[in-house]
Amino acid sequence: MKFKHIIYLIGASLVFIFSTLASWYEGGQLRDISWEWKYSAGFSTWLNGPVNEASDILVIDHFVYAAKFEPLFPLLMAASFLFIIFQLSAWLLKDRKTTHIIFLSLMAVGLLLMSAMLLNSPTIGLTLFSGFFGLSGLLTLLLIPYRNNQKWLRRAAQRTN
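In the numbering used here, the protein residues as written are 7 to 167.
The structure is reproduced here in structure tokens:
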């Protein structure tokens, strides 16, 4: 791995950590808004039953609330996480072209499915996430032919020099 890619990974990791902490903080508002527990504390309800007190709310529901109503830091968190995943996959699967293409295809399908699931959300935050995941899925699909034709592109560049 080149030094600049290591710097990119460190930078993306720092952005991820900062945006995770900021999202967690912003999502902490959920504990003070009891009428929102029914709509935003889905994981707590699913795992522990109905939420009756603020102490019943799981940490992951803080992120859900932040994504719905304060989407800046959750979007930064998702973008930096995807960047880290794509950088690591490119590094780990650099010599396994077919495996990397399969991985990218699965990522694109997963991103497009998440986009479709959030498409009709009543909140602006989850609608932004739908667009972000849809755009990321489409860009990942565009990355697949690039990965497939890298050797051809290198040879074409050498011919023009």
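All C-beta atoms in this analysis are idealised placements derived from N, C-alpha and C, irrespective of residue type, glycine included.
- Per the coordinates, the alpha-carbon of Ala122 lies some 23 Å from the alpha-carbon of Pro151.
- The segment 20-39 and the segment 67-82 touch, with three or more beta-carbon pairs separated by less than 8 Å.
- His11 sits exposed, since fewer than 16 C-beta atoms from the chains shown fall within 10 Å of its C-beta.
- One Cα belongs to Ser50, the other to Trp41, and the distance between them is close to 15 Å.
- For Glu42, the secondary structure class from DSSP, reduced to helix, strand or coil, is helix.
- Going by DSSP, Asp67 is part of the alpha helix (DSSP H) stretching over Val65 to Phe75.
- If you draw a straight line from the Cα of Val115 to the Cα of Asn58, it comes to about 37 Å.
- The three-state secondary structure of Pro151, taken from DSSP, is helix.
- For Ile107 against Asn154, the beta-carbon gap comes to about 6 Å, under 8 Å, which counts as contact.
- Nearest to Leu88 by alpha-carbon distance, out of Leu98, Met113 and Leu27, is Met113.
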